[in-house]
Amino acid sequence: MAETTDPKHRKHSLGSVAVVGAGASGLAAAYRLKAAGVAVTVFETQNAVGGKIQSFSQNGLIWEKGPNTMAENDPEVSFLIDDLQLREQQQFPVLQNKRYIVRNGRPEMLPSNPLAILSTKLLSAQSKARIFLEPFLWKRKPAQPNDSKSLRFCSVANFLGRHFGHEVVDYLVDPFVAGTSGADPDSISVHHSFPDLWALEESYGSLIVGGIKSGIKKKKEAKQKDNKIQDERMQLAASSKRSRGSFSFRGGMQTLAKALAEKVGGESLQLNSVVIGLASNQQGNPLRNNWTVSYLKGGSSKKEQKNFDAVILTTPFHEMQQLGVMKDGQKYPLDYFPEVVYQPMSVLVMAFETDRVKQALEGFGILVPRKEQANGFQTLGTLFSSSMFPDRAPAGQVVFTTFIGGSRNRALAAAPLEELQEVALKDLQRLVGVDGSPVSIKHLYWERAFPQYSLGYSSFLDSLKKMEMELPGLLYAGNHRGGLAVGKALAAGCQAGDQVLSMLEATGGDKIFTMAMAEPQASLAFC
Ligand SMILES: Cc1cc2nc3c(=O)[nH]c(=O)nc-3n(C[C@H](O)[C@H](O)[C@H](O)COP(=O)(O)OP(=O)(O)OC[C@H]3O[C@@H](n4cnc5c(N)ncnc54)[C@H](O)[C@@H]3O)c2cc1C
Ligand SMILES: C=Cc1c2[nH]c(c1C)Cc1[nH]c(c(CCC(=O)O)c1C)Cc1[nH]c(c(C)c1CCC(=O)O)Cc1[nH]c(c(C)c1C=C)C2
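Just so you know, full-length UniProt numbering puts the end of the sequence shown at 527, numbered straight through with nothing missing.
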């Protein structure tokens with residue numbers, strides 16, 4: 001029997017919202033809503049928060065099964081870190097600009113500035129010249145019928161190949177794409193995966209000219225913005241965080257998820273709760289108490305139900321498809337969505353005695369281009385975990401986190417641990433001189449680690465829009481839109497929270513809204 005949300009109980013609340021999933025995006029949405037005075041309930045299948053964010057700790061080793069670092073490119077992320085008072089907990093990897101790419105079987109340092117391109121062994125003299133001459137040599141894509149649509153089928157390889165040539169795609173772009181999505185540059189859409197690059201070409205033609213001009217413009221704008229920030233502490237944070245790159249938190253990425261969960265907290269967080277159905281009744285006042293969420297709690301097969309004004313979905317699409325969705329008593333099938341391709345991935349964390357690693361490299365890690373498979377490599381890349389975060393390894397041990405699978409080796413991602421260990425050891429032996437067996441090993445297989453923003457991904461995004469239009473009060477905020485990064489998931493969650501707030505405001509919550517916002521919420525401007 002559905003438990004009706006009695007308006008009397010909403011007296012001090014702007015409304016009631018269900019958030020499905022307690023990953024980065026769901027927690028951020030819930031945090032945003034709760035801070036604004038909304039009664040929020042987060043349903044999470046697992047007995048833990050964080051979703052893909054999963055940090056573990058044992059005998060002096062701290063390791064990640066999911067993301068190892070995140071970036072602060074979105075204002076929502078900055079505001080969350082400040083608001084959660086996590087600045088002190090932020091941990092920046094040591095020498096993070098030292099990154100390597102394999103060429104001809106050997107690690108070569110990735111150029112970290114334009115001058116370093118001249119001396120890198122990653123590229124031939126011809127490719128280096130082509131980079132510097134890109135403003136004059138880049139080729140426009142031949143015009144196509146129905147152009148604006150067909151351009152959205154343009155792959156990253158095709159797009160960057162036209163600007164910089166094939167060697168740059170093979171030895172810079174391909175490893176970058178593998179190291180940020182597990183995919184390959186021929187299969188992903190530049191429009192959806194790198195919207196900033198796409199926009200640069202649209203505005204400036206040349207990416208080099210566009211990069212320089214837009215960089216200057218952004219710096220000017222940022223300076224003007226910084227000058228407007230009165231608070232000295234905020235000014236310091238705003239300028240320092242832009243230059244310091246990717247980061248984690250003391251104790252690992254889970255520190256972020258836990259901090260969010262603590263604030264959302266208590267009854268608002270329903271762990272061990274699998275949402276199995278969503279039913280909307282669009283009669284009466286739209287967006288008022290007309291969503292019924294059905295869920296199973298604590299492994300029980302007894303269905304429970306609760307009513308809400310709106311629902312924010314953050315589950316991966318393949319799990320969204322498992323939900324029974326109803327509209328006005330009729331089944332609402334999600335069969336108009338196109339298929340989403342996911343990259344499978346195995347993550348192997350291996351710790352070795354220090355004297356078993358003969359040529360340890362300092363820095364962030366190493367990526368293996370697809371072409372180097374011809375030289376016998378099978379891994380996608382390895383993070384130098386104990387070099388990045390020395391306090392996360394037991395004394396006298398060196399720790400590596402190796403990624404295996406992705407689009408180039410889907411079957412291998414699912415191989416048994418012994419086989420994966422053999423593959424990882426073979427590559428690490430050649431790249432960093434590992435000799436012998438690890439003292440400890442952790443493994444996680446992600447069957448669907450990353451959704452792929454494929455060529456023609458617009459049709460998936462259009463389907464999401466259609467669903468949101470046809471089911472008012474239902475919003476999607478997961479990583480299938482807007483980017484895979486943790487920061488993008490947080491931003492998407494905050495933005496969905498804001499959208500729901502506007503909806504609630506527009507549908508009768510005005511008086512209550514004024515009450516809820518009476519207290520100053522200055523630093524919550526974004527999230
Ligand atoms: C191996 C790996 C490495 C990564 N490395 C990085 C990195 O270094 N930097 C970076 O920025 N990003 C990285 N990412 C990507 C990033 O972690 C994710 O894109 C992001 O965390 C996704 O957050 P989300 O909230 O959208 O989804 P998720 O984290 O997937 O959360 C969705 C939640 O919904 C829950 N759920 C699903 N179905 C239901 C249901 N029916 N009822 C209730 N709950 C449900 C799930 O249990 C899950 O907790 C990595 C990802 C992986 C897998
Ligand atoms: C080798 C495979 C992978 C490694 N990490 C990931 C994979 C698939 C997952 C991943 N890493 C990052 C992201 C966020 C992407 C984004 O859109 O920002 C994801 C999904 C962060 C990241 N990792 C690398 C880069 C260049 C970035 C972007 C942020 C930054 O510059 O720090 C490179 C990289 N990834 C891996 C290694 C070993 C490596 C470089 C040496 C592992």
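Ideal Cβ positions, reconstructed from N, Cα and C, are used throughout, including at glycine. Just so we're clear, the structure is a prediction, and the values are computed from it rather than from any experiment.
Taking 8 Å as the threshold (C-beta atoms), are residue j and residue i in contact?
| i | j | result |
| --- | --- | --- |
| SER407 | ALA183 | yes |
| ALA492 | SER25 | yes |
| PRO175 | PHE389 | no |
| THR69 | GLN270 | no |
| ILE131 | VAL168 | yes |
| PRO451 | ASP170 | no |
| ALA424 | MET350 | yes |
| LEU313 | LYS303 | no |
| LYS264 | TYR31 | Per the sequence shown, residue 264 should be read as Val rather than Lys. Yes. |
| LEU380 | ILE404 | yes |
| GLY165 | SER127 | yes |
| LEU464 | ARG481 | yes |
| VAL340 | PHE460 | yes |
| GLU202 | HIS163 | no |
| ARG103 | LYS121 | yes |
| SER16 | SER187 | no |
| ASP335 | ASN281 | no |
| GLY105 | ASN479 | no |
| GLY50 | ALA257 | yes |
| SER387 | THR401 | no |
| LEU84 | ALA259 | yes |
| ASP427 | GLN378 | yes |
What's the call for residue i, buried or exposed, on a 16-neighbour Cβ count within 10 Å?
| i | result |
| --- | --- |
| LEU474 | buried |
| ALA279 | buried |
| GLU64 | buried |
| PRO316 | buried |
| PRO333 | exposed |
| SER248 | buried |
| PHE136 | exposed |
| GLN373 | exposed |
| residue 568 | The displayed coordinates of the chain run from 1 to 527. Any statement about residue 568 would go beyond what the structure contains. |
| ALA199 | exposed |
| ILE477 | It should be pointed out that residue 477 corresponds to Ala in this sequence rather than to Ile. Under this definition ALA477 is a buried residue. |
| GLN322 | exposed |
| residue 529 | No answer is possible for residue 529: the residues shown for the chain start at 1 and end at 527. |
| ARG99 | buried |
| GLN343 | buried |
| ALA116 | exposed |
| SER119 | exposed |
DSSP state of residue i, grouped into three classes?
| i | result |
| --- | --- |
| ILE53 | coil |
| THR255 | helix |
| HIS166 | helix |
| ALA18 | strand |
| PHE513 | Unreliable placement is indicated for PHE513, whose pLDDT of 33 sits below 50; no coordinate value is reported for it. |
| TYR171 | helix |
| residue 528 | Not covered by the structure: residue 528. The range shown for the chain is 1 to 527. |
| PHE132 | helix |
| GLN452 | coil |
| LEU269 | strand |
| SER189 | strand |
| GLY211 | helix |
| GLY493 | helix |
| ALA395 | coil |
| GLY365 | strand |
| ASN281 | coil |
| THR41 | strand |
| LYS34 | helix |
| LEU110 | coil |
| HIS443 | strand |
| GLN89 | helix |
| ARG99 | strand |
| SER240 | The predicted position of SER240 is uncertain, since its pLDDT is 49 and thus under 50; a value taken from the coordinates is nonetheless stated next. Helix. |
| TYR342 | strand |
Practice item. Give a yes or no on contact between the stretch 257 to 270 and the stretch 38 to 56, applying the rule of three or more CB pairs nearer than 8 Å. Key: yes
Practice item. Could you say if the stretch 460 to 474 and the stretch 287 to 294 meet the contact criterion of at least three C-beta pairs nearer than 8 Å? Key: yes
Review point. Are the stretch 51 to 66 and the stretch 247 to 260 touching, with three or more C-beta to C-beta distances below 8 Å?
Key: yes
Point to revise | Cβ contact (3+ pairs, closer than 8 Å) linking the stretch 396 to 403 and the stretch 350 to 359 | key: yes
Review point. So, do the stretch 489 to 508 and the stretch 210 to 217 have three or more beta carbon pairs nearer to each other than 8 Å?
Key: no
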